[in-house]
Each structure stands twice: as structure tokens, then as C-alpha cells.
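Asker:
There are 2 protein chains.
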Amino acid sequence: MTEQNAAAEAAAEQQSTPEKGAGRSGLSRRGMLGLAGAAVGAGVVGFGAGAAVGHAVASSATGATYPFYGANQAGIVTPVQDRLHFAAFDVAQSLDRAGLIELLQDWTVAAARMTQGRPAGKYGPASGPVDAPPDDTGEALDLPPGGLTLTFGFGPTLFTAADGTDRFGLAGKRPAALVDLPRFPGDALLDTLTGGDLCVQACSEDPQVAVHAIRNLSRIAFGRAAIRWSQLGFGRTSSTSRSQTTARNLFGFKDGTANIKAEDPKVVDAQVWADAADGAAWMHGGSYLVARKIRMVIETWDRQQLGEQERIIGRDKGEGAPLSGGTEFSDPNFLALSPTGGTKIDPDAHVRLAHPTMNDGAQLLRRGYNFVDGNDELGRLNAGLFFIAFQRDPRKQFIPIQNRLARNDAMNEYVKHVGSAVFAVPPGAREGSYVGAGLFA
Amino acid sequence: MTEQNAAAEAAAEQQSTPEKGAGRSGLSRRGMLGLAGAAVGAGVVGFGAGAAVGHAVASSATGATYPFYGANQAGIVTPVQDRLHFAAFDVAQSLDRAGLIELLQDWTVAAARMTQGRPAGKYGPASGPVDAPPDDTGEALDLPPGGLTLTFGFGPTLFTAADGTDRFGLAGKRPAALVDLPRFPGDALLDTLTGGDLCVQACSEDPQVAVHAIRNLSRIAFGRAAIRWSQLGFGRTSSTSRSQTTARNLFGFKDGTANIKAEDPKVVDAQVWADAADGAAWMHGGSYLVARKIRMVIETWDRQQLGEQERIIGRDKGEGAPLSGGTEFSDPNFLALSPTGGTKIDPDAHVRLAHPTMNDGAQLLRRGYNFVDGNDELGRLNAGLFFIAFQRDPRKQFIPIQNRLARNDAMNEYVKHVGSAVFAVPPGAREGSYVGAGLFA
């Protein structure tokens, strides 16, 4: 059995695992990749210019894989996949520094495997000993890799616990940029949707692939860390590449038109990646993730006039062009005057208050998702935007922008921030090392 | 403005709406369909035999459309789409018979439009008067039709209210097959996840398209009916066509191998479609939908040995073959003896107890979905199977099968039924008429 498993593992390393249970076609999950990739290629050809139909292309891009190891973690400037499973974890009281390192090592190994379309553990869901639990839960066995990325982060409480103790000897390593977020005007945060010692962002074109990843990381963490809160999302509301179209949020408007794009490396360097010179050398090549669960009062919004909806956003609903004119990607002209008085874009329009020119040039790389979590007791959909933003320094980016929005945004009548968290996202791991190794060096 | 809108509507009727706001490519949602369809075709060619990779093909089939009008409602024998938004509605106390008919008429018109990739109303999200709320909420504006089907059903309480009153004069029309489901052993039903006067099953390859449909039907019902409970699902756990592969549930096993397939019309006629001779003439060509929200205790399952998992299901985990041998589609041999004693397939294995030969030949057309609704306070994923089954008569199909499973199934240790509902799903509407018209004739 051991030899057999060793052989299977060796085969897996060559990424052509002929595993039992890989489907009646005899194709392994990995073997399918080639075919899926071929289909994606065919799909793009079929569509002509991919940009016009980014959403559809994205949802057929189930064969894509992204490298796990590298200078930066994947899942930040990676073209936003269409589905999300995000989980914040709290570590167990009993966990010590060595245990935390071991957990990160175990997570790294499993993440490196799963992002390449392989099972979470070396035996997989169905090829191990019958008298042991499988080291993969199996629901992704026949599925293509789905463009899976797994992105890990460290919350403020990992450095200093809520009771002030320095559980892991990390207090001195806490980056100055990893501040506790202030209370913003109108915040209605629930403790059960807020904070967390660790986070994992799983993005994929296939929700089952994202769910499988979070589930297996949670399984691996058993007894060492447990999910504090989690969120499923669909319909990415931002694009991080010019190859993608702008998607729509549940207000029905295009969202993220002016998002940071991977094709602008200077902007990415200035606004997204932390630098050793920022103060925490171990965060060089990392970033800071802010998550906000924003419930939308969609039933009230849906009864609002079209003209008022457009006034609140500052863009037209169909094309997404600023109300000052042009097309979706035209720069808004905040000085353009309306014939009926005032400016064409209202002083409290969302597009104005969120715009870099109103925020000392600060920008965010957004990777948010729409969510619907069933309905409330009044029959209203519990729906909204799970906002995720990456940035170099929340003190200069998210916090001042959100302070401005929270005070003045005309949209505030229709949104409620119910969850919040901030994480230091370390640089990517080197092969043979683990995510966050620099923190423990 | 009126003329302009009338012209826009006329253009929409010809399905080439040049609507404002249809994306910077200038393609309308409808116009994109042709392109998406082409890509799907290319995808299938790229994959070779579609059956080996049904999941991937399905998730790129975002351009498909299914007719709304017809002898049967779509969304029953239609090849199962990969995403679900299901909603049960309760009608308002104030609604009378004429109001109920009007609601069904309004829903029919909107459903016929949305399933063809058009906005819910004639103006759409961005082309109507600026001083009125849009008649479509907009988040599906740039998306392909996504193979959307909308399937409507009537719960027992529509015929006889919980307090025994005959609100709509329908008590005499209640089909004998539309029984209240009995309490099954082990049931842990929550009232907030159970029952409903009406239901809508929205299935699509794109969750945003399914969510958009339920949201707009809920918006249209405002003041007349409100969502009682709702459920999002992903990763269809059954196939209803031989063109689809078998998908996996969150136990990691293939689910629905022996499901009824559309390619077997005799079985479909015998097991799925109600007949006038069954007692309710207005249900001829309809069916009965049973929904069960089944929470899986996946953390406990994941710590169970592989051999025990396979014993409980009665199939091997990789291939999905019955433990009596063969391949996935081999018939289980319940008499085959194990060299270690007893039968190869245990007496309480799920596959044995659910098999037609153990249930007087009764079968179900299953269209269930996996779900993850965040996590509970212990950090366990709130996950499981949202079971949906269509059948000709629940008294002869779901109820006896579930009674047998609830008493004896080895799987019961790992599942908990927390929600339940049954609906009479009327036949399809004729063009110009509305869903369920026969009930009011």
C-alpha cells in the first residue's frame, strides 16, 4: 500500500495522476485540465474579442490555473474570478507559536496542491487506506481547477490578542499599517461578521471548487483554528484586468469601472504592494486587505426613480458613463454645470466622493462580490456587496476614503455596513517555504 | 417618451433591442446570445465527448435559452443547470382571487421575458422614464440568458389556508396527490424553512441570472406576496440528461447516478408527469415538487474512514460504482455476498434503501443542489444538500421512499432535515395565457 501510494504521489508530482475515481472517462482532475483549457481557447475564439463578453468568458475559464508560489500571493492582481468563498478564522486558545507555524505550513502545502487542481492531500478523496479518513473531501474530484487562487492574511488579533496578550511573540512584528479600523459613521457592525485572526480568500470560476478549498483548509485546521465567519459571493463586481468587462452590483449599476488594473504596474506598485521601506520588512511584496459586508436595502432601492438612482451613483445606469458625459471609461468632469443648476454630478454622488481626485490620489484595488444570504423575516433578500479591497496602507487609502463616504455619500440611505475586517496579506511563499514565513524569521 | 418606449418594446419583440446601456460593445443582452451560443458549440467541440466533462460544459453554457411556454413547465426535465435560487412565497392576507390571478399573470409575462434573456419589464433597467422606478433591476443587463428556467408551484396552503379558510375558492380543486407531508422519523424542521403558498424555482448557469429573476419576481409581487424562505444552490447534484456527467454532493460522492433521464420518455411519463386520470384535470402535464433542506454534518463525515463512507453509501467514492462491482452505471447486485460475511452492499446502505427495486419501482426525478450558508457559531460550515424532486404522486414516491430512508439509512447519522415543502407544479402555460390558468377555469 505504501509503495502504491508513493507511486501515486510521484505520478501526481508529474501532474498526471491516474487516480482511481477520476471519473468514468478515466481522466484525472488534472488530466481534464488540458481539455478544459482547449475549450476555453475555443470559447475565446468563438467570442471574437473577449473584452465584450468578459463575464461569459470568465465563467467558462474553468480550466485556468495560477501559480501558487511567487513574489506576491495570487488572488490580488489576478483577473477576478467569478465566485468567492471567504473565511475568517480564529486560532484555538491552545495553539502556540510552533503550532501556528505548523498550521501555516500545512495550509501552504494543501493550497499549493489545490490551486493546481490536485487533491488537498497526497492520497486524495478515494485512493488512500480504507481505514483512514480521506485527506481530501472529494467534491471537487472531477472538476477542472477553476482558476482557483487562495490568499492568506493575518488579522490584528494575531499580533495582539483581544485581551492584550502576545500569544505568539508577534506583537513587535505588527506592521504600523495594520491598524484597527476606526468606527465609521453609520457602522452597524455585528461581532459575528467582524474581525478574525487569519483569513483565506478563495476565488474560482466554480463555486464548488472555492467551497472545496475552504472546507479542506478548515478540515486541516481542526483543533488549531476554526471559522469565525465566512461569506460566499458571486458575480465579481470589479475587474482587475483590461481583459475583463465591468460587472454589475445588485444596485444594477456597473461597479469598479475605475478600478486599479494589473496592466498598470506603476499604479499597482504605488497603491497595492507594501514595501520594506513602509516599516515592516517581512511585508515587502504583501498588501493589506479590507473586507466589509455591505447589506443593500434593495427593495427600497428598487422603488426609487431611475433618475434618482443615477443621481446617487453619478453615472447613467445603462452605459455606466459619468453624468458629465462620455462613455463608461470617460473621466468624470466634476465641474461640468447642469442647465438646471448645480453640477451635472451632484456633490454627494458616490462617484465623486470615491474618486481619487477627491482623496489625495488614493485608490483601492477592489475585488468585491455580490452576495445573497437568503432572506430576512420580512421576506426581503439579505443581499448586498461583500467589499474586498487591497492596498498598500489602509491609513492612507481605505480609512480616509470610507470616512468621506460614510459622512456624505448619497448612497448611504441604501446600504448598511454589517461586517468588517482588516488583514495583513504577506508576500507570496517561495517553493519549499510557507505563507508568512518572514513573520517568524 | 411614450413613442420612444413603444418603439423600444417593438424592437425587443424582434429580439434585437438596441437598448441604451447594453455594454460598451453595443451588444444587447439578447444580441450576445448568438455569440455565447457559438462559444458553447466551440466548447463542446473542444471537449470532444461532452459527457466526460459535463460540469465544465454546463458552466460555459451561459448562452442557452429554453422556451417558457409549452405543454410542461421548463426546469423539470431540462438538463439541470448548475445554479439555483429557490423561493417560497406567502400571499398577503389582503389578496383575493382576482388579485392572485393577476399576480400569476404578471409573473408569467415577466418570466417569459427573463427566460429569453430580456429584462423583466418592457422598459428595462435603464431605458424607461427617469421619474419612475425601472421595471427591471439591472444586474443581469449585460449577461447572457444563462439557460434560465423559472418553474412555478402551488403549496397546500394556497388551497386551504393554515386556519382552514378557503381564501381563493380553490379548496375543491386541491389535487389528492398534494398531501401535507407527514412527519418523518428524525425530522428537525424549522418553520422558517418550511411550507409556502407559492414557489418559484430559478435555475441558471449563472447565479446572478437566477438571483435577478427571483428578485424581480419578488419586486413584482410587492404587496401581494412576500418571500417566506429562499435558498441558493450550486453544483447540481443530479443530472436529468445522459448528456451530463454525474456531479458530486458535499459528502464527496457522485449523486444521482440512477436519476430519471429526459431520454427515457416512458419513465418520465410514468414517474414525473401528472395525468388527468390521476384526479385533477387541471394538473395534466404538471408534476409535484418536494423540497427538503438537508443539512450535512460534514465535519463529522470528513473524519470518517474512507471504507466506512463507502459502506454507508454503498458505492465506491472515486468511480461511484456499486460495491457489488462494475462501473458507475452498473446495476447494484444487492444479493452479492462479501467474502467477509453478509452482502457486499450493506442492508442499511443508502443505495439499497433508495433503489427502485426496494420501493415498488418508485423513482424520483431529482434536481438537487449543494448549498453552503456560511457557518454556525462553532465554526462548522452550514452546508448540505437542497433536495428537489419531481414526481407524479408524492403518496407513491417521495413519502414511502423517505419513510424507508428516515428509518434505516446508515447516512442518517450525518444528515438532518431542517426544511420541507411540497408544491403542485401546474402544466406549462400556453402563449397568451398564464401559469396555472387551468386551476381558475
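From first to last, the protein sequence lines stand for chains A and B.
Each residue of the first sequence is one higher than the last, beginning at 1 in the UniProt record's numbering.
Each residue of the second sequence is one higher than the last, beginning at 1 in the UniProt record's numbering.
Even for Gly, the Cβ is constructed at its ideal location relative to N, Cα and C.
These numbers were taken from a predicted model, which means no experiment stands behind them.
Identify the contact partners of B:ALA132 in chain A, using a Cβ-Cβ distance below 8 Å as the criterion.
Answerer: Residues of chain A passing the Cβ test: GLN305 and LEU306.
Asker: Could you tell me whether the Cβ atoms of B:ILE227 and B:ARG366 are closer together than 9 Å?
Answerer: Taking 9 Å as the Cβ cut-off, B:ILE227 and B:ARG366 do not qualify as a contacting pair.
Asker: Between A:GLY270 and A:SER287, what straight-line distance do the alpha-carbon atoms span, to the nearest angstrom?
Answerer: Per the sequence shown, the amino acid found at residue 270 of chain A is Ala instead of Gly. Roughly 11 Å separates the two Cα atoms.
Asker: Going along the chain, which residues of its own chain have a beta-carbon closer than 7 Å to the beta-carbon of B:ALA276, five neighbours each way excluded?
Answerer: Counting only Cβ-Cβ distances below 7 Å, and skipping sequence neighbours, we find HIS284.
Asker: A:SER338 CB to nearest chain B CB: under 9 Å?
Answerer: By this cut-off, A:SER338 is not an interface position.
Asker: Within 9 Å of any Cβ in chain A, is that where the Cβ of B:PRO207 sits?
Answerer: By this cut-off, B:PRO207 is an interface position.
Asker: From A:ALA51 to A:GLN201, what distance separates their C-alpha atoms?
Answerer: Its pLDDT being 25, under 50, A:ALA51 is placed unreliably by the model, and nothing is read from it.
Asker: Opposite A:ASN375 in the DSSP bridges: which residues?
Answerer: Its beta-bridge partners are A:LEU381.
Asker: What's the gap between the Cα of B:ASP163 and the Cα of B:THR157?
Answerer: Those two C-alpha atoms are separated by around 9 Å.
Asker: Out of A:ASP135, A:ALA87 and A:ASP131, point me to the one whose CA is closest to A:VAL109's CA.
Answerer: The residue with the shortest Cα to Cα distance from A:VAL109 is A:ASP135.
Asker: Thinking C-beta only, is B:PRO175 closer than 9 Å to B:GLY63?
Answerer: Cβ atoms of B:GLY63 and B:PRO175: not closer than 9 Å.
Asker: If you drop the 5 nearest sequence neighbours on each side, which residues of the same chain put their C-beta closer than 7 Å to that of A:ARG395?
Answerer: If we look at A:ARG395 and ignore the five residues flanking it on each side, its Cβ neighbours are ALA177 and VAL179.
Asker: At a Cβ threshold of 9 Å, is A:ASN259 touching chain B?
Answerer: Judged by the 9 Å Cβ criterion, A:ASN259 is not in contact with chain B.
Asker: In chain order, what residues of the region 223–239 of chain A put their CB closer than 9 Å to some CB of chain B?
Answerer: Listed in sequence order: ALA225, ALA226, ILE227, ARG228, TRP229, SER230, GLN231, LEU232, PHE234 and GLY235.
Asker: Measure from the C-beta of B:PHE152 to each C-beta in chain A and report whether the shortest distance is under 9 Å.
Answerer: So no, B:PHE152 is outside the interface.
Asker: Using the Cα positions of A:GLY196 and B:ALA389, report the straight-line distance between them to the nearest angstrom.
Answerer: Roughly 39 Å separates the two Cα atoms.
Asker: Cα separation between A:GLN363 and A:GLN304?
Answerer: Taking the straight line joining both Cα atoms gives about 30 Å.
Asker: Kindly list the residues whose CB is nearer than 8 Å to the CB of B:ALA336, restricted to its own chain and excluding five residues on each side of it in sequence; keep chain order.
Answerer: SER324, GLY325, THR343, LYS344 and ILE345.
Asker: So, is the C-beta of B:THR65 closer than 9 Å to a C-beta in chain A?
Answerer: It does not: the Cβ of B:THR65 has no partner Cβ on chain A nearer than 9 Å.
Asker: Taking A:THR245 and A:SER238 to be in contact with their CB atoms under 8 Å, please state how far apart those CB atoms are, rounded to whole angstroms.
Answerer: A:THR245 to A:SER238, Cβ: 11 Å. No contact.
Asker: So if DSSP puts A:TYR369 in a beta bridge, which residue, or which two residues, is it bridged to?
Answerer: Answer by DSSP bridge pairing, in chain order: A:ARG236 and A:PHE386.
Asker: Given a limit of 9 Å on CB to CB distance, which residues of the region 107–132 of chain A reach chain B?
Answerer: The region 107–132 of chain A vs chain B, Cβ under 9 Å: TYR123, GLY124, PRO125, ALA126, SER127, GLY128, PRO129, VAL130, ASP131 and ALA132.
Asker: What are the boundary residues of the alpha helix (DSSP H) that includes B:ALA210?
Answerer: Run containing B:ALA210: 207–220, per the alpha helix (DSSP H) assignment.
Asker: Determine which residues share a DSSP beta bridge with A:THR149 and list them.
Answerer: Its beta-bridge partners are A:CYS203.
Asker: Grouping DSSP H, G and I as helix and E and B as strand, with all else coil, what is A:TYR414?
Answerer: Helix, per DSSP.
Asker: List the DSSP bridge partners of B:LEU170.
Answerer: Its beta-bridge partners do not exist; DSSP assigns none.
Asker: Should A:SER338 be labelled buried (16 or more other beta-carbon atoms within 10 Å of its own) or exposed?
Answerer: A:SER338 comes out exposed.
Asker: Return yes when the Cβ of A:ALA213 is within less than 9 Å of the Cβ of A:LEU143, no when it is not.
Answerer: No, the pair does not count as a contact, with Cβ atoms beyond the cut-off.
Asker: Check the Cβ-Cβ distances between A:VAL297 and every residue of chain B, and say whether any is below 9 Å.
Answerer: Chain B contact via Cβ: absent.
Asker: By DSSP, does A:ALA49 sit in helix, in strand, or in coil?
Answerer: Bear in mind that the predicted position of A:ALA49 carries a pLDDT of just 25, short of 50, making it unreliable; the figure below should be weighed with that in mind. Residue state, collapsed to three classes: coil.
Asker: Is A:THR194 helix, strand or coil when you go by DSSP?
Answerer: Reduced to three states, the DSSP call for A:THR194 is strand.
Asker: At what residue ranges does the region 227–314 of chain A contain a whole run of the beta strand (DSSP E), taking only runs of 3 or more?
Answerer: Fully enclosed beta strand (DSSP E) runs of 3 or longer: 287–296.
Asker: Counting pairs of beta carbons, one from the region 102–117 of chain A and one from the region 186–194 of chain A, are three or more of them closer than 8 Å?
Answerer: Because the criterion of three Cβ pairs below 8 Å is not met, the region 102–117 of chain A and the region 186–194 of chain A do not touch.
Asker: With a CB to CB cut of under 8 Å and the five nearest residues on each side skipped, what residues in its chain are close to A:GLY256?
Answerer: So the list reads THR237, SER238, SER239, THR246, ALA247, ARG366 and GLY368, once near-sequence residues are dropped.
Asker: Take A:PHE381 as the anchor and find which of B:VAL211, B:LEU385, B:GLU310 and B:ASP373 has the nearest alpha-carbon.
Answerer: The amino acid occupying residue 381 of chain A in the given sequence is Leu; Phe does not appear at that position. Taking only the C-alpha atoms, the option nearest A:LEU381 is B:VAL211.
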